[in-house]
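Protein chains in written order, with the UniProt record's numbering: chain A, 1 to 332; chain B, 1 to 289.
#1: Consult DSSP for residue 227 (chain B) and reduce its assignment to one of helix, strand or coil.
#2: Measure the Cβ-Cβ separation of residue 52 (chain B) and residue 37 (chain B) and say whether it is below 8 angstroms.
#3: Does the segment 251–269 of chain B come into contact with the segment 23–38 of chain B, if we say contact requires no fewer than three beta-carbon pairs (one atom in each stretch) closer than 8 angstroms?
#4: With a 10 Å radius around its C-beta and 16 neighbouring C-beta atoms as the bar for buried, classify residue 166 (chain B) as buried or exposed.
#5: Residue 34 (chain B) bridges to which residues according to DSSP?
#6: In chain order, which alpha helix (DSSP H) runs of at least 4 residues are fully inside the segment 111–149 of chain B?
#7: Under a three-way DSSP split, which group does residue 25 (chain A) fall into?
#8: What three-state label does DSSP hand residue 285 (chain A) in the structure shown?
#9: Closer than 7 angstroms by C-beta to residue 229 (chain A): which residues in its own chain qualify, once you throw out the five before and the five after it? Chain order, please.
#10: Could you give the first and the last residue of the continuous alpha helix (DSSP H) run that contains residue 218 (chain A)?
#11: For residue 316 (chain A), which residues does DSSP report across the bridge?
#12: Taking any Cβ of chain B, which residues in the segment 83–105 of chain A have a Cβ under 7 angstroms from it, in chain order?
#13: For residue 217 (chain A) versus residue 186 (chain A), is the C-beta distance shorter than 8 angstroms?
#14: Excluding the five sequence neighbours on either side, which residues of its own chain have a C-beta within less than 7 angstroms of the C-beta of residue 250 (chain A), listed in chain order?
#15: Given this structure, state the Cα-to-Cα distance separating residue 46 (chain B) from residue 39 (chain B), to the nearest angstrom.
#16: Starting from the Cα of residue 155 (chain B), find the closest Cα among B:63, B:71, B:21 and B:256 and give me that residue.
#17: How long is the line joining the alpha carbons of residue 245 (chain B) and residue 223 (chain B), rounded to whole angstroms?
#18: So which residues on chain A does residue 99 (chain B) lean against when the C-beta distance must stay under 8 angstroms?
#19: When the Cα of residue 34 (chain A) is compared with those of A:110, A:157 and A:12, which residue comes out closest?
#20: Nearest-angstrom Cα distance between residue 164 (chain A) and residue 137 (chain A)?
#21: Compute the distance between the beta-carbons of residue 120 (chain B) and residue 248 (chain B), then report whether it is under 8 angstroms.
#22: When burial is assigned at 16 or more other CB atoms within 10 Å of the CB, is residue 227 (chain A) buried or exposed?
#23: Between which two residues does the alpha helix (DSSP H) containing residue 181 (chain A) stretch?
#24: Is the number of C-beta pairs between the segment 126–140 of chain A and the segment 105–113 of chain A that are closer than 8 angstroms three or more?
#25: Start and end of the alpha helix (DSSP H) containing residue 71 (chain B)?
#26: Closer than 8 angstroms by beta-carbon distance: list the chain A residues that pair up with residue 192 (chain B), in chain order.
#27: If residue 203 (chain B) and residue 87 (chain A) are in contact, beta carbons under 8 angstroms, what's the gap, nearest whole angstrom?
#28: Please go through the same chain and pick out, in chain order, the residues whose beta-carbon is closer than 6 angstroms to the beta-carbon of residue 56 (chain B), but skip the five residues on each side of it.
#29: Going along the chain, which residues of its own chain have a beta-carbon closer than 6 angstroms to the beta-carbon of residue 316 (chain A), five neighbours each way excluded?
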């Protein structure tokens with residue numbers, strides 16, 4: 001069981017209001033990702049749920065029980081920290097067993113649980129090593145192991161992959177997703193990387209300045225962004241925004257078109273421009289196009305597209321793939 | 001320039017510094033060693049005759065000798081115990097954010113800047129004095145007979161004074177160690193359900209092990225040579241009750257004018273200090289990697 005409900009949760013540090021009031025429903029077994037630019041309050045929100053920070057007002061309900069003022073250990077949540085926060089003078093075995101030891105479990109049971117967790121995470125050969133002797137990915141797995149053995153009702157991940165190199169990050173992303181499928185436990189995952197959010201989440205919570213901008217499945221956010229911020233944040237490369245004449249013709253203050261939703265032509269189209277940089281990846285071609293109005297857009301063409309720096313190109317947004325926004329940035 | 005020339009040039013360049021350092025150490029040690037085999041008394045300076053190991057035998061058979069070694073050990077261990085335990089406690093206390101943190105920290109560090117004889121005199125005349133010391137005042141306030149510290153508990157009094165002087169050092173080193181503890185580790189332990197005591201024994205103490213080792217090693221070196229505090233308070237007495245090895249050597253040299261005997265004592269002290277150092281390095285030095 002692991003349903004978590006936030007009711008009007010507020011957090012201020014002195015005079016600074018970090019989270020002005022958040023309502024959120026997290027269902028049992030969901031993989032929820034908090035995503036947003038740095039400083040948007042996503043980590044603070046996670047720490048509020050964990051109990052490492054006290055809420056200023058509002059209520060946190062875990063599995064139907066009001067846990068707003070409960071101590072972190074009483075909430076049955078396990079957290080994986082950005083720095084892994086392993087205990088450096090203990091072996092991997094003792095690190096993983098630490099929460100069990102603190103709970104007063106007997107040694108034989110501890111050992112069995114540690115073995116089980118180590119088996120899941122491929123750590124069996126490293127149980128007697130110290131964290132200092134492990135690679136980044138292995139340390140990450142030990143931190144996850146320490147969380148698993150407690151059999152928590154939900155896992156909290158605070159940017160767990162940001163200290164890993166790019167290749168390892170992709171691997172660990174898959175491992176964590178698989179772990180979620182295997183354990184079917186609620187997971188809340190904080191990241192600033194929208195690719196992690198898109199690939200892992202059942203439900204994405206987009207935050208800006210402590211406020212929830214939009215909640216939804218990855219594809220919902222991709223297809224129907226509620227405002228310009230979400231539209232620009234979700235999707236890679238970022239959505240292109242066109243203002244002025246082109247937008248007014250469509251009855252909007254600004255229109256947004258994703259790089260993959262342009263039809264390209266060398267002879268005719270809605271807007272014209274000059275190719276700046278062309279990135280030929282084989283599977284895709286990314287073109288940085290300087291439109292005649294001065295705006296720069298990124299366009300993605302499937303497969304190979306034979307243009308080069310300085311070529312003229314015409315772009316037409318695909319029907320039904322144009323997002324329209326008003327002056328305040330809300331979707332029309 | 002070829003590697004070999006570079007190396008010999010480097011050796012040539014650093015030779016003066018090394019020779020100076022060597023002379024600085026070797027000359028006094030050699031002179032002490034030489035004097036320790038002489039019957040050399042300042043009251044009779046003309047007849048410095050070779051006496052072999054007589055001075056050593058004399059120093060070693062002095063009834064004060066073993067008492068002094070015992071006192072030295074008690075003094076060192078007592079001060080170490082108080083400063084390490086007290087230092088950890090104070091470091092934990094002042095690590096928390098409190099009002100006037102800067103002032104509190106300066107106040108706690110300040111005893112370290114008081115020179116040993118001055119500190120000892122303050123304690124002797126203003127705190128521990130049986131008639132007008134603060135402690136005597138307090139005892140009278142409660143209607144208890146004041147304690148004559150230096151007569152009744154001479155060694156304990158000196159331990160207290162020296163510990164007071166060294167507590168700031170231990171606190172400072174241990175506080176910096178404490179502040180380098182990763183806060184996410186503490187939070188992880190909190191999530192893991194560790195009590196305050198469990199956090200202390202499982203996280204804080206192991207983290208501070210290295211700093212504690214440094215405190216013990218450095219303090220031991222200085223505490224083996226405690227001397228000024230004894231000189232201005234008890235003068236080693238009553239009897240030999242507060243005489244340590246350093247003070248015994250001082251007594252031989254400056255009160256009995258027996259240079260040969262004092263030199264022999266000095267050599268014995270050097271040997272003993274080295275034995276202690278070896279044991280210390282084996283016992284706690286492994287924490288230093």
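Ideal Cβ placement from N, Cα and C applies to all residues, glycine included.
For this structure:
#1: Taking the first residue of the second chain as position 1, residue 227 (chain B) is located at position 227. DSSP places residue 227 (chain B) in coil when its eight states are reduced to three.
#2: Numbered from its first residue, the second chain carries residue 52 (chain B) at position 52. Numbered from its first residue, the second chain carries residue 37 (chain B) at position 37. Going by C-beta atoms, residue 52 (chain B) is nearer than 8 angstroms to residue 37 (chain B).
#3: yes
#4: The count along the second chain starts at 1 and reaches residue 166 (chain B) at position 166. Buried, by the Cβ-count rule.
#5: Position 34 of the second chain, counted from the start, is the residue given in the question as residue 34 (chain B). In DSSP, residue 34 (chain B) forms no bridge with anything.
#6: Restricted to the segment 111–149 of chain B, the alpha helix (DSSP H) segments that are unbroken, complete and at least 4 residues in length are 116–122 and 134–141, listed in chain order.
#7: Start at 1 with the first residue of the first chain, and residue 25 (chain A) comes out as number 25. The answer is strand: DSSP assigns residue 25 (chain A) an E or B state.
#8: Residue mapping note: residue 285 (chain A) aligns to position 285 of the first chain, counting from 1. Residue state, collapsed to three classes: strand.
#9: Taking the first chain and counting its residues from 1, one reaches residue 229 (chain A) at position 229. Hits under 7 angstroms: 208, 213 and 329.
#10: In the first chain, counting from the first residue as 1, residue 218 (chain A) sits at position 218. Run containing residue 218 (chain A): 218–223, per the alpha helix (DSSP H) assignment.
#11: To locate residue 316 (chain A), count along the first chain from 1; it is residue 316. For residue 316 (chain A), which the question treats as bridged, DSSP gives the partners A:263.
#12: 83, 85, 87, 89, 98, 99, 102 and 103
#13: Mapped onto the first chain, residue 217 (chain A) falls at position 217. Mapped onto the first chain, residue 186 (chain A) falls at position 186. No, Cβ-Cβ distance for residue 217 (chain A) and residue 186 (chain A) is not below 8 angstroms.
#14: Position 250 of the first chain, counted from the first residue, corresponds to residue 250 (chain A). Here the set comprises 322 and 324.
#15: In the second chain, counting from the first residue as 1, residue 46 (chain B) sits at position 46. In the second chain, counting from the first residue as 1, residue 39 (chain B) sits at position 39. Near 10 angstroms, if we compare the C-alpha coordinates of residue 39 (chain B) and residue 46 (chain B).
#16: If you number the second chain from 1, residue 155 (chain B) lands on position 155. It is B:71.
#17: As a first step, residue 245 (chain B) is located in the second chain; it is residue number 245 there, counting from the start. As a first step, residue 223 (chain B) is located in the second chain; it is residue number 223 there, counting from the start. Taking the straight line from one Cα to the other gives about 11 angstroms.
#18: As a working note, residue 99 (chain B) is residue 99 in the second chain. Under the 8 angstroms cutoff, chain A gives no residues; its nearest Cβ is about 16 angstroms from residue 99 (chain B).
#19: The residue you call residue 34 (chain A) lines up with position 34 of the first chain. The shortest Cα separation from residue 34 (chain A) among A:110, A:157 and A:12 belongs to A:157.
#20: In the first chain, counting from the first residue as 1, residue 164 (chain A) sits at position 164. In the first chain, counting from the first residue as 1, residue 137 (chain A) sits at position 137. Going from the Cα of residue 164 (chain A) to the Cα of residue 137 (chain A) covers about 7 angstroms.
#21: For the purposes of this step, residue 120 (chain B) is identified with residue 120 of the second chain, where counting begins at 1. For the purposes of this step, residue 248 (chain B) is identified with residue 248 of the second chain, where counting begins at 1. In this structure, residue 248 (chain B) does not lie closer than 8 angstroms to residue 120 (chain B) by Cβ.
#22: Counting from 1 along the first chain, the entry for residue 227 (chain A) is found at position 227. Classification of residue 227 (chain A): buried, given that the 10 Å Cβ count is 16 or more.
#23: By 1-based counting over the first chain, the position of residue 181 (chain A) is 181. Start and end: 166–183.
#24: Inter-segment contact for the segment 126–140 of chain A and the segment 105–113 of chain A is absent: fewer than three beta-carbon pairs are separated by less than 8 angstroms.
#25: Residue numbering aside, residue 71 (chain B) sits at position 71 when the second chain is read from its first letter. Element bounds for residue 71 (chain B): 63–94.
#26: For this step, residue 192 (chain B) is matched to residue 192 along the second chain. Under the 8 angstroms cutoff, chain A gives 73, 98, 99, 102, 146 and 150.
#27: Counting from 1 along the second chain, the entry for residue 203 (chain B) is found at position 203. Counting from 1 along the first chain, the entry for residue 87 (chain A) is found at position 87. The C-beta distance from residue 203 (chain B) to residue 87 (chain A) rounds to 6 angstroms, short enough to fall under 8 angstroms.
#28: Translated into positions along the second chain, residue 56 (chain B) becomes position 56. Same-chain partners within the cutoff: 264.
#29: Start at 1 with the first residue of the first chain, and residue 316 (chain A) comes out as number 316. Cβ within range, chain order: 263, 269 and 270.
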